[in-house]
Structure formats: C-alpha cells, structure tokens
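S.K.: Questions regarding the structure given below will be posed in turn.
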Amino acid sequence: MSENSIVFHIENLNLSYGEKHVLKDVNLDIYKNKITAFIGPSGCGKSTLLRCLNRMNDLIDNCKITGTINYIDNDVFSLNPMSLRTNVGMVFQNPNPFPMSIFDNVAYGPRCQGIKNKKILSEIVIDSLKKAALYDEISDRLKDSALSLSGGQQQRLCIARAIAMHPNVILMDEPTSALDPIATLKIEELIDKLKEEYTIVIVTHNMQQATRISDYTAFFMLGEIVEYGETSELFKNPKNKKTEDYITGRFG
Amino acid sequence: MAITIFCASIIVFITFFILIKGITPFVKKYQIGEGSYSVNFFKFLFGTTWFVSPNNYGAGFVIINTIFVTLMALVIAIPVSILSSLFICKIAPKKISKVLNYAIEILASIPSVIFGLFGMGIITKFVKNLSSLFNYQSAGGISSLSAAIVLAIMIIPTITMVSNTSINAVDKKFIEGSLALGASKTQTNFKVVLTSARSGIFSGIILGVGRALGEATAVSMVCGNAGSGPSFNPFDITRTLTSTMLNSIHETSGLDYDIRFSVGVLLIIIILVTNFLLNFINNRIGKRYGQ
Amino acid sequence: MDNNEKKLKIRKIKDILLNGITYIFSSFGIVILIVLLTFIFSNGAKSLSWKTITSNYYEEAYFAKCETNEELTFSLEDGNDIYYSKVWGIGLKDSKDLENNPVVKIVYIDNLSPLKNALDQNTNERILVLKGQIIKRIQMVNTNGERSIISAKYGSQAIVDALDNSYQINELYYATMGGGIRGSLLTTLYLIFLTLIISLPLGIIASLYLSQFAKDNKLTKIIRSFIDMTSGIPSIIFGLVGVIVFIPIVNGVTSSSGGNIISGALTMTIMLLPTIIRTCEESLRAIPKSYTHASLALGASQTQTIMKVILPNSIPGILTSTLLALGRIIGESAALIFAIGSSIKDSISLTGSSTTLAVHIWSVLSGENPNYEQACAISILIIIIVLVLNVLVKLVSKKLNRFEVKS
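Residue numbers (my numbering), protein chains in the order written: chain R, 1 to 252; chain P, 253 to 543; chain X, 544 to 950.
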C-alpha cells in the first residue's frame with residue numbers, strides 16, 4: 001500500500017462527551033477506493049468515529065476531541081467544515097430525504113454551493129441518480145415528493161444526494177439497517193459499484209454485510225480498535241480472542 | 253351528556269339566530285321619517301357607500317377593505333413571526349430565546365383593547381409621520397396602514413407560537429442530512445427547517461388570518477370608518493366589517509342596529525370561506541410532499 | 544481552490560445577510576412590547592391611584608353658600624402653582640378634568656376656613672367642601688357691594704383675587720373630581736364571579752363526560768369538532784348572540800331593559816366553554832387509567848370514583864382553565880360592548896348596563912376627546928392582572944405535569 005493512497009490518517013484520537021470517554025487512542029488509516037467497514041457491538045464508538053471524519057460531532061455540545069485526523073494531508077479540524085463535508089459525503093441510518101421533490105433533494109447540495117444554472121443542475125441530478133441506480137425507476141417522477149418513494153429508494157436517493165456533491169469519500173452509517181433484505185441487497189450492489197470512484201467507509205452491525213462488501217474491517221469494542229486489517233484475514237484468522245468471540249457470535 | 257351536547261350545539265344555534273336576525277333588514281319594512289324602507293340585498297352586497305340611510309348600506313367595499321387590511325397585516329406579520337420563531341428555536345442562545353419567547357407570550361395575552369389604545373397613541377402618530385414623508389395628508393394617522401400594523405402586532409404572537417411548535421418538531425435527521433451535504437447552518441435553517449415546518453407554519457398563519465378578520469375593538473379604534481370605498485391607499489381611512497359593527501353603537505334598535513347583524517353574517521361567511529380555502533391549500537401542500 | 548474560496552466567501556456574506564435580517568425581525572416582538580409598556584406606564588402611572596380605583600367616574604355637583612368677616616385672615620404664601628386665598632383660607636390649583644378641560648382644584652383648606660361652615664344652598668344644612676374637589680363657578684358679593692360671577696375657565700389666580708375681594712359667597716358651584724373607575728371595576732368583578740359560577744360546572748361536567756363516558760363514535764367526534772369550531776369564532780359574533788338570545792331572555796325574566804351583567808355573563812359563558820372543556824379534558828385524560836381501575840376494583844361505584852379519585856386529581860386542570868377564563872373575561876371588549884353596554888356607569892346592578900374595565904378603556908377613547916391617561920391607567924391594572932395570571936398558569940401547569948413525570 002503506497003503512502004499517497006491513504007485518505008484518512010487518524011492518530012491518537014480521543015473523544016469524550018462530557019464525562020463519558022467514547023473513543024480511546026484510535027489509530028487508523030483509511031485507503032483510497034476501498035470499502036472500509038467498522039463493526040462492533042452497539043455503543044462501541046464506531047458511529048462516533050465515522051461522524052468525526054466529516055466533523056458532524058461539532059453539532060453536539062460538550063464534545064471534546066483530542067488527537068489528529070488528516071484528510072489527504074490536511075488537518076480535518078483546521079479545514080472549513082462545510083468544504084470538508086462537500087468532499088466527505090454521508091449517508092445516514094434512517095433514509096432522510098428532505099420533504100421536497102426528488103429533483104430538489106439531489107440538487108440541494110449543488111444549490112447550497114451556489115450553482116444556479118438549471119441545465120448544469122439537471123445534468124448533475126440525472127448523473128447522480130444514474131450512479132445511484134435510481135434513475136431508471138423514477139425518471140418520470142422527478143417532481144414528486146421524495147417521501148413518496150419506498151424506503152430502499154429513499155436510501156438510494158440519499159446516496160445520489162451525496163454523490164451530487166462529487167465527494168471523494170462517502171461515509172455510511174448503517175445504511176441498510178432500516179431496510180428489508182431486497183432493498184439491502186440493491187444497496188450493497190450499489191456500494192460495490194461505487195467503490196470504483198469513491199472511498200467508502202461503512203458502519204454496520206451486520207457481519208455478513210461486512211464480509212460481503214468490505215475490503216478492510218475494523219473491529220471496535222468499548223471505544224477501542226481491537227483489530228484492523230483486510231476483511232478476509234480478519235474474519236478467517238482473527239488475531240485477537242475478542243474478535244473471534246464477536247465474529248463467531250458469542251456476544252454482541 | 254345533555255350538557256355536552258348543549259355545549260357542542262352552541263355553534264349551530266349561534267349561526268341560526270344570527271342568520272335570522274341578519275336577514276331581517278332585507279325583509280322587514282323599517283319606519284324611517286315618512287316612508288318605510290327595507291335594505292336592497294344586492295346593494296348591500298356590492299354597494300360602495302355606507303351611511304345611516306337605508307339606500308346606502310353597501311358592504312361591498314367594506315368586504316374588500318377588510319381583506320385588504322388583513323392582507324397588509326399578513327405581509328407585515330408573516331416574515332416577522334417566521335423569522336422570530338426560527339431565531340427562538342434554532343439560532344438564539346438559550347437565555348435570549350427564553351426572554352424572546354416570554355415577550356411573545358406576554359404580547360399574546362395582552363387584551364385587544366390595549367392594542368387599540370397603543371395603536372391610537374403610538375402607531376397612528378408613526379403612520380402620520382410616515383405619510384407626511386410621502387407628502388400625503390392623512391387623517392391624523394388613522395388609516396388602513398395603522399389598522400394593519402395593529403392587527404399584525406396582534407397576530408405575530410399567534411403565528412410565532414404555532415411556528416415554534418412545528419419548527420421544534422422538525423426531525424433532527426433532516427438537519428443532519430443538510431449539514432452533511434456541506435450546507436451552512438443558515439442555509440440549513442432556511443432551506444430545510446423552514447420547508448419541513450411549512451405545514452405547521454401555515455396552520456399558524458390560518459389561525460392568524462382568522463384572528464385578524466374577526467378582531468374588532470382594536471381595529472375600530474384606528475381605522476376611521478370611511479363612508480365609501482374601496483380604498484387601496486394605505487394612508488387613507490378605511491372601514492372593516494368589525495369596525496362597522498362597532499361604529500357609533502348607541503341605539504339598540506332600528507335599522508342601523510339590525511344591519512350590524514347582516515354584517516356579522518357576512519363576517520362569519522368570510523371567515524368560514526377563507527378558513528376552508530386556506531386549509532384546502534395547506535392539505536394540498538402537505539399531500540404534495542407527503543407530510 | 545481559489546474559485547472555491549471565493550464561493551465560500553459569497554456564501555458567508557449571504558449567510559450573514561440572512562442572519563442579520565433574522566436578528567432584526569425577531570427583535571420586533573420585544574421592541575413592540577417595550578414601546579407598548581413604556582407608553583402605557585408613562586402615561587398611566589400618574590393617574591393610577593387608590594383614589595381612581597375607589598371613586599366614581601362622574602362628577603357630583605354641589606351648590607353652597609358661605610360668609611366670612613374682615614377679622615379673619617390667613618397668612619398663606621403662594622407657591623408651587625398653588626394660589627391661596629387669604630380671606631377664605633383655601634389653596635387652589637389649575638388642573639384638568641376627564642375631558643381635558645381646564646378646572647380649578649381645591650388643594651388646601653385651612654382648619655379655620657369659613658368654608659368649613661358652608662351651607663347647602665337649597666336645604667340650608669351644613670355641607671362639606673373638601674380637598675380634591677373642583678370649583679366650577681362662584682357667585683359673590685365684593686367689598687363694594689357688587690355682585691360678580693367668576694367661573695373656572697379664568698384660572699385659579701383670578702378666582703383667588705376675586706375671592707380676596709369679597710366676604711360673601713352667594714353660590715359656590717363645586718363638584719367631586721370624577722374619573723374614578725369604581726363602577727367598571729365592580730362590573731368586572733360581578734361579571735367574573737357570575738361567569739365562572741355558570742361556566743365552570745357546565746364545563747367540568749361536559750369534560751367529564753367526554754373523557755370518561757363518551758364512546759369513540761361518530762357523535763362524540765361531531766361534538767368535539769363543534770366544540771373546536773366554536774373556539775374559532777371571533778368574539779364580536781358572541782356579542783351578537785348576546786344581543787339576540789341572552790338580552791331578551793334576561794329582560795323577560797327580570798325587570799331589566801337592554802344589556803346587563805347577567806346577559807354579559809351568559810355570553811362569556813358560551814365563549815369560554817370550549818376553552819374550559821378542552822383544558823379540563825386534557826387534565827382528566829392525564830390521570831392514569833390505573834387510578835380509576837384501582838378505585839373500581841376496590842368496590843367503589845362509578846360516582847364514588849369520580850367524586851373521590853378523578854375530580855380531586857383534576858383540580859390543577861380546573862384551576863388552569865379558571866385562570867385562562869379570568870384572563871379572557873378581563874380582556875374581552877367587543878362581545879361585552881354588545882352584551883353589557885358601552886356607557887360608563889357609577890351605580891352597578893346585575894340587571895343594568897355598565898362597562899367592564901376593558902370596555903371602559905374603549906369608551907373613554909372613542910369619544911371626541913380621547914382620555915389617554917385614564918385609558919393607560921386602566922391598562923396598567925389589566926396588564927398587571929394578566930401577567931400575574933400568566934405566571935400562575937405556568938405554576939399550575941407544572942403541577943399538572945406531575946403524572947407525566949412519574950410514569
């Protein structure tokens with residue numbers, strides 16, 4: 001792995017909410033155009049770490065962060081959070097399209113950037129919807145409310161919305177946990193395809209999903225990384241006893 | 253049980269009695285001077301003058317003026333209330349938002365007659381100065397603009413309080429989603445929070461419109477009760493349905509008294525129609541975006 | 544990157560602009576409130592006193608006569624805009640009455656003043672001339688034996704000069720100051736008392752029915768939506784109802800004619816019932832079902848359960864609705880102009896027309912010479928009452944929430 005293919009370089013990251021110490025000395029590298037999965041029991045800090053990558057934790061009061069996160073050689077905390085977030089998109093656990101039309105949803109990000117030209121906007125929207133494998137299903141109802149879509153479609157719309165910003169990285173916080181198996185499968189296929197263009201970090205509580213789609217896996221417990229490596233290695237021969245216990249289903 | 257039904261049927265019985273009394277001026281012959289008169293229904297509906305004389309009870313312009321004043325009040329009140337509500341719920345630090353919220357609550361509980369007093373004492377003076385800036389000689393500031401400002405002050409608390417509820421109810425996931433797309437906090441507030449809360453805000457506006465149309469005492473004190481119209485000059489005196497009902501109310505019988513009930517019927521009809529229309533629009537908007 | 548930074552800058556400027564507008568607009572509410580309170584308190588505080596609250600609105604006129612002799616003189620020095628009559632031992636000051644007309648007010652009477660022995664012109668009985676009363680006109684005989692008449696419009700200095708020139712007052716036309724709000728205050732109190740007595744039992748029974756007995760059927764739904772609709776009707780319409788329905792009923796039963804406090808109370812009742820029913824019902828629903836079930840399980844009858852379990856627990860709700868109703872009654876004007884009347888009265892009876900405090904404000908303002916000072920003085924009273932009610936409602940509803948906190 002060459003040095004320049006690292007997208008995120010995390011060093012000695014500590015995070016606490018008030019008295020609660022959530023992340024402890026996290027060190028991690030995330031590689032370009034790979035899918036990195038964060039797994040672990042709930043409350044282990046995997047989502048919190050994900051939210052550090054695009055500074056969504058800024059919104060929470062009394063959240064204290066020490067350590068460094070570098071995004072392609074830039075310190076994340078010295079970047080403008082808005083431009084960071086345009087480079088690092090995010091998809092949430094529950095599909096959260098805005099209560100507007102499908103078109104407006106996808107065009108939201110570019111519009112916030114100040115793009116007003118209708119032609120450019122509609123190009124971006126159609127392109128993003130195609131990349132999110134949604135365009136064929138809804139090409140004739142772009143003016144409809146985004147909330148009229150099914151759950152899986154909504155989540156793909158959210159992915160399209162993130163893609164419309166032309167990000168380098170897409171963070172996904174348990175993107176399929178609220179969906180049925182068929183919709184999940186579609187999203188997983190989509191994620192696999194997106195990997196060619198984007199670096200993807202995905203939080204999941206579903207170990208099968210991690211094995212199916214990810215290249216690297218980090219296993220978290222109680223705010224610490226227990227083990228991090230290539231997915232096939234980690235699941236085949238876990239080096240740590242706790243990892244083995246978790247992936248064989250002894251707890252979690 | 254019987255009491256409950258009685259309470260509920262109040263509205264039916266109100267409509268019934270007022271309707272009957274409201275029709276009287278068009279049916280009954282009133283002895284005035286030498287002759288006996290009744291009011292011509294079409295003249296009443298479409299007329300453009302209002303004097304104490306059976307042929308000059310034309311409420312047509314009064315209806316138009318009432319709607320005009322209400323619209324002006326809305327133009328003032330809507331931006332103020334929505335932005336106040338956004339500020340209270342999303343922007344202001346906790347202490348300031350508490351103070352502002354309390355101020356709004358106090359405004360909401362001040363009786364309308366005191367707003368009328370305030371209108372006569374302060375707002376008309378302000379409007380008078382404003383009109384002289386435009387080289388217009390207003391009637392001491394008594395004008396449709398004064399009435400609109402008084403009404404606006406009275407409905408701002410209503411709209412703000414309802415908007416507060418609906419803005420606070422906006423799901424956090426929308427806000428997070430917007431921020432994650434690189435939108436600034438302000439962009440999020442204006443593009444996502446307000447659009448997500450629009451249905452609730454609209455209900456607040458509907459309540460405000462109802463209050464503005466039905467408000468009587470305060471408006472009657474600053475509107476001047478014009479004798480003819482309609483006038484769309486904001487510095488001109490005006491006449492609203494409610495001010496007509498309260499204007500020089502000394503007699504308690506006769507045509508000039510009974511005609512107030514016909515105006516009351518008009519008022520009820522206009523309030524019902526606007527309410528129905530606005531609710532219809534609100535439902536359409538809500539349905540369109542699946543809320 | 545350069546282009547990006549420029550874009551970011553534009554966005555920042557736009558954000559600052561939008562936020563600025565928001566700050567300005569949202570400050571409106573508080574600015575208006577401050578201006579309103581300043582206006583009312585600065586204009587009204589002066590004329591609000593215990594005397595205003597307890598005295599009558601209208602002047603009461605008296606006619607007196609009085610004599611004095613040359614030996615009696617008072618050593619009093621003019622000052623503070625007060626002019627003293629050395630012959631009659633009284634101090635006079637220019638002042639204004641209700642309609643803003645200039646009047647001359649008696650601000651001082653010496654203990655030995657001959658006016659203490661004034662006699663009523665008609666009955667020849669002793670009559671009191673008091674501090675605070677106003678002189679309207681004096682007819683006197685001066686030292687040259689000439690008759691002269693001087694009225695209040697000449698000012699206190701002229702009157703004092705004339706008085707010091709004469710030893711005999713043939714006719715002293717004087718009056719009480721007036722401008723008090725005792726009558727309107729009494730009407731308001733009567734109205735509150737009557738309205739609550741009628742509306743609370745009705746509202747409580749109706750809300751009990753809706754929360755405990757009503758089945759979830761169409762009829763209940765219709766009842767509910769009717770009650771909701773009633774709360775959207777503007778108050779002036781209720782005034783019309785008062786005129787059409789309640790005034791004739793009350794006039795038929797009692798000796799009254801025209802608007803009166805009873806018809807006003809009935810009008811307020813139908814106006815307030817929806818609010819009372821809603822608030823009470825909410826508080827009744829907040830009572831956990833387990834309380835009722837526990838009581839029934841212990842063998843209590845339905846009536847016993849209601850009387851011993853439900854009603855005591857709904858007291859905060861009933862209190863809240865009472866306080867809300869109080870605020871509405873005190874502030875209501877449009878409906879009461881129709882249902883009780885719009886001319887201010889001093890002698891109050893349940894079957895006679897009069898004004899409440901709010902209508903009093905409307906009446907003094909809708910005349911030719913609006914009396915802002917009195918209107919503001921009453922407004923201070925009303926605002927203070929309303930604010931106190933507001934705080935009380937908050938305190939009570941905190942108590943109301945105790946069920947939610949526990950569960």
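Where is the CB? At the ideal position from N, CA and C, for every residue including glycine.
For clarity, every value in this text was computed on a predicted model and none was experimentally measured.
Between Gly462 (chain P) and chain X, is any beta-carbon pair separated by less than 8 angstroms?
M.R.: Within the second sequence, residue 462 (chain P) is the residue found at index 210, counting from 1. Yes, its Cβ sits closer than 8 angstroms to a Cβ of chain X.
S.K.: Ala882 (chain X) to Ile366 (chain P), Cα distance in whole Å?
M.R.: By one-based count along the third sequence, residue 882 (chain X) stands at place 339. By one-based count along the second sequence, residue 366 (chain P) stands at place 114. Ala882 (chain X) and Ile366 (chain P): Cα-Cα distance of roughly 20 angstroms.
S.K.: Once DSSP output is grouped into helix, strand and coil, what is the label at Gly782 (chain X)?
M.R.: Taking the third sequence and counting its residues from 1, the one referred to as residue 782 (chain X) is at position 239. Residue state, collapsed to three classes: helix.
S.K.: Return the chain-ordered ranges of every alpha helix (DSSP H) run that is complete within the region 176-236 of chain R and spans a minimum of 4 residues.
M.R.: DSSP runs (the alpha helix (DSSP H)) wholly in the region 176-236 of chain R: 181-194, 207-213, 231-236.
S.K.: Start and end of the alpha helix (DSSP H) containing Gly287 (chain P)?
M.R.: What you label residue 287 (chain P) is simply residue 35 of the second sequence in a count that begins at 1. First-last for Gly287 (chain P): 287-289, but that is the beta strand (DSSP E), not the alpha helix (DSSP H).
S.K.: If you measure beta-carbon to beta-carbon, which residues of the region 62-78 of chain R are closer than 7 angstroms to chain P?
M.R.: Within the region 62-78 of chain R, no residue has a Cβ that lies closer than 7 angstroms to any Cβ of chain P.
S.K.: What runs of the alpha helix (DSSP H), each 4 residues or longer, lie entirely inside the region 640-725 of chain X?
M.R.: Runs found: 699-706.
S.K.: Looking at C-alpha atoms only, which residue of R:Asp29, R:Ile35, R:Leu50 is the closest neighbour of Gly223 (chain R)?
M.R.: Counting from one through the first sequence, the residue named residue 223 (chain R) turns up at place 223. Nearest of R:Asp29, R:Ile35, R:Leu50 to Gly223 (chain R), Cα basis: R:Leu50.
S.K.: For Gly151 (chain R) and chain X, any beta-carbon pair shorter than 8 angstroms?
M.R.: Reading the first sequence from its first residue, position 151 is the one you call residue 151 (chain R). So no, Gly151 (chain R) is outside the interface.
S.K.: How about Met406 (chain P): is its C-beta nearer than 8 angstroms to some C-beta of chain X?
M.R.: Looking up residue 406 (chain P) in the second sequence gives position 154. Output row for Met406 (chain P): interface = no.
S.K.: How would you write the range of the alpha helix (DSSP H) that Phe320 (chain P) sits in, first residue to last?
M.R.: To locate residue 320 (chain P), count along the second sequence from 1; it is residue 68. Looking at the DSSP string, the run of the alpha helix (DSSP H) that includes Phe320 (chain P) is 312-338.
S.K.: Please list the partners that Thr773 (chain X) has in chain P, where partner means a Cβ-to-Cβ separation under 7 angstroms.
M.R.: As a first step, residue 773 (chain X) is located in the third sequence; it is residue number 230 there, counting from the start. Within 7 angstroms Cβ-Cβ: Ile262, Ile263.
S.K.: Would Met544 (chain X) pass as an interface residue toward chain P - the criterion being a Cβ-Cβ separation below 8 angstroms?
M.R.: Reading the third sequence from its first residue, position 1 is the one you call residue 544 (chain X). Here Met544 (chain X) scores only 49 on pLDDT, less than 50, and its place in the model is too uncertain to base an answer on.
S.K.: Excluding sequence positions up to five away, which residues of its chain have a Cβ less than 7 angstroms from the Cβ of Ile10 (chain R)?
M.R.: Numbered from 1 along the first sequence, position 10 holds the residue referred to as residue 10 (chain R). So the qualifying residues of the chain are Val26, Asn27, Leu28, Ile69.
S.K.: Would you grab the beta carbon distance between Leu662 (chain X) and Lys589 (chain X) for me? Rounded to a whole angstrom, and I think it's under 8 angstroms.
M.R.: Here residue 662 (chain X) is taken as the residue at index 119 of the third sequence, counted from 1. Here residue 589 (chain X) is taken as the residue at index 46 of the third sequence, counted from 1. That belief does not hold up - the Cβ atoms of Leu662 (chain X) and Lys589 (chain X) are roughly 36 angstroms apart, past 8 angstroms.
S.K.: Look at the alpha carbon of Asn486 (chain X) and the alpha carbon of His836 (chain X), and state the distance between them as a whole number of angstroms.
M.R.: Here chain X comprises residues numbered 544 to 950, so residue 486 (chain X) is not present and cannot be evaluated.
S.K.: Could you tell me which whole alpha helix (DSSP H) segments of length 4 or greater appear in the region 718-780 of chain X?
M.R.: The qualifying runs are 725-751, 761-773.
S.K.: Find out if the Cβ-Cβ distance for the pair Ser906 (chain X), Ser892 (chain X) is shorter than 8 angstroms.
M.R.: Translated into the one-based positions of the third sequence, residue 906 (chain X) becomes position 363. Translated into the one-based positions of the third sequence, residue 892 (chain X) becomes position 349. No, Cβ-Cβ distance for Ser906 (chain X) and Ser892 (chain X) is not below 8 angstroms.
S.K.: So, under 8 angstroms CB-CB, Gly152 (chain R) and Lys193 (chain R) are touching, yes? Tell me the CB distance rounded to an integer number of Å.
M.R.: In the first sequence, the residue the question calls residue 152 (chain R) occupies position 152. In the first sequence, the residue the question calls residue 193 (chain R) occupies position 193. Gly152 (chain R) to Lys193 (chain R), Cβ: 16 angstroms. No contact.
S.K.: Just list the residues that DSSP pairs Ala607 (chain X) with in beta bridges.
M.R.: Position 64 of the third sequence, counted from the start, is the residue given in the question as residue 607 (chain X). DSSP lists X:Asp663, X:Leu715 as partners of Ala607 (chain X).
S.K.: Does the beta carbon of Leu935 (chain X) sit closer than 8 angstroms to a beta carbon anywhere in chain C?
M.R.: The displayed structure is made up of protein chains R, P and X, and chain C is not among them.
S.K.: Return the chain-ordered list of same chain residues with a C-beta closer than 7 angstroms to the C-beta of Lys239 (chain R), the five sequence neighbours on each side being excluded.
M.R.: Start at 1 with the first residue of the first sequence, and residue 239 (chain R) comes out as number 239. Once the five neighbours on either side are set aside, the close Cβ partners of Lys239 (chain R) are Glu227.
S.K.: Using three-state DSSP, classify Ala421 (chain P) as helix, strand or coil.
M.R.: For the purposes of this step, residue 421 (chain P) is taken as the residue at position 169 of the second sequence. In the structure shown, Ala421 (chain P) sits in coil (DSSP, three-state: anything other than H, G, I, E or B).
S.K.: Cα separation between Gly632 (chain X) and Ala877 (chain X)?
M.R.: Position 89 of the third sequence, counted from the start, is the residue given in the question as residue 632 (chain X). Position 334 of the third sequence, counted from the start, is the residue given in the question as residue 877 (chain X). Rounded to the nearest angstrom, the two C-alpha atoms are 49 angstroms apart.
S.K.: Alpha carbon to alpha carbon, how far is Cys63 (chain R) from Cys44 (chain R)?
M.R.: Indexing the first sequence from 1 puts residue 63 (chain R) at position 63. Indexing the first sequence from 1 puts residue 44 (chain R) at position 44. Rounded to whole angstroms, Cys63 (chain R) to Cys44 (chain R) spans 16 angstroms at the Cα level.
S.K.: If contact means a Cβ-Cβ distance below 9 angstroms, which residues of the region 105-136 of chain R contact chain X?
M.R.: Taking 9 angstroms as the Cβ-Cβ cut-off against chain X, the residues of the region 105-136 of chain R that qualify are Cys112, Gln113, Gly114.
S.K.: In the DSSP assignment, find the unbroken alpha helix (DSSP H) run with Phe617 (chain X) in it and report its ends.
M.R.: On the third sequence, residue 617 (chain X) is found 74 positions in, with the first residue counted as 1. Run containing Phe617 (chain X): none; DSSP gives neither H nor E here.
S.K.: So what does DSSP say about Leu28 (chain R), is it helix, strand or coil?
M.R.: The residue given as residue 28 (chain R) occupies position 28 in the first sequence. It is a strand residue.
S.K.: Answer with buried or exposed for Ala239 (chain P), where buried requires no fewer than 16 other C-beta atoms within 10 angstroms of its C-beta.
M.R.: The first residue shown for chain P is 253 and the last is 543, placing residue 239 (chain P) beyond what the model contains.
S.K.: Anything in the region 409-422 of chain P with a Cβ closer than 8 angstroms to a Cβ of chain X? List those residues in chain order, please.
M.R.: The region 409-422 of chain P vs chain X, Cβ under 8 angstroms: Pro409, Thr412.
S.K.: Specify, as a first and last residue, the run of the alpha helix (DSSP H) that Leu142 (chain R) falls within.
M.R.: Locating residue 142 (chain R) in the first sequence gives position 142, counting from the first residue. Segment: none, Leu142 (chain R) is in no alpha helix (DSSP H) and carries neither H nor E.
S.K.: Starting from Lys552 (chain X), find everything on chain R with Cβ-Cβ shorter than 9 angstroms and list it in chain order.
M.R.: The sequence position of residue 552 (chain X) within the third sequence is 9, counting from 1. Those within 9 angstroms of Lys552 (chain X) in chain R number zero; the least Cβ separation is about 11 angstroms.
S.K.: Could you confirm whether any beta carbon from chain X is found closer than 8 angstroms to the beta carbon of Asn80 (chain R)?
M.R.: For the purposes of this step, residue 80 (chain R) is identified with residue 80 of the first sequence, where counting begins at 1. Closer than 8 angstroms to some Cβ of chain X, the Cβ of Asn80 (chain R) qualifies, so yes.
S.K.: Measuring only the C-alpha atoms, how far is Leu179 (chain R) from Gln155 (chain R)?
M.R.: Here the question's residue 179 (chain R) lines up with position 179 in the first sequence. Here the question's residue 155 (chain R) lines up with position 155 in the first sequence. Taking the straight line from one Cα to the other gives about 9 angstroms.
S.K.: Three or more C-beta pairs closer than 8 angstroms, one from the region 810-826 of chain X and one from the region 862-873 of chain X: is that the case here?
M.R.: Segments in contact, yes.
S.K.: What three-state label does DSSP hand Asn74 (chain R) in the structure shown?
M.R.: Translated into positions along the first sequence, residue 74 (chain R) becomes position 74. Three-state DSSP puts Asn74 (chain R) in a strand.
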